[in-house]
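As numbered in this note's numbering, residues 23 to 60 make up the sequence shown, in order.
Below is one structure, written out as structure tokens, with a few remarks after it.
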Amino acid sequence: MSHYESYYSVVRIFINGYHELKQQASIVWASQILSRIH
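Have a look at this one:
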């Protein structure tokens with residue numbers, strides 16, 4: 023049970039990091055499009 027919880031916490035940290043990285047990349051992508059429009 024404890025081993026499973028630690029594994030789940032590691033996976034959750036990895037998923038949160040990936041989501042944050044994807045959000046940051048989308049922000050950079052949107053800023054590039056806005057700068058290209060203006």
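Even glycine gets a Cβ: it sits at the ideal position worked out from N, Cα and C.
None of the values given here were measured: they were computed from a predicted structure.
For HIS41, the enclosing alpha helix (DSSP H) starts and ends at 24 to 59. Distance from the CA of HIS25 to the CA of ASN38, rounded to the nearest whole angstrom, comes to 20 Å. When the five nearest sequence neighbours on each side are left out, no beta carbon in the same chain lies closer than 6 Å to the beta carbon of SER28.
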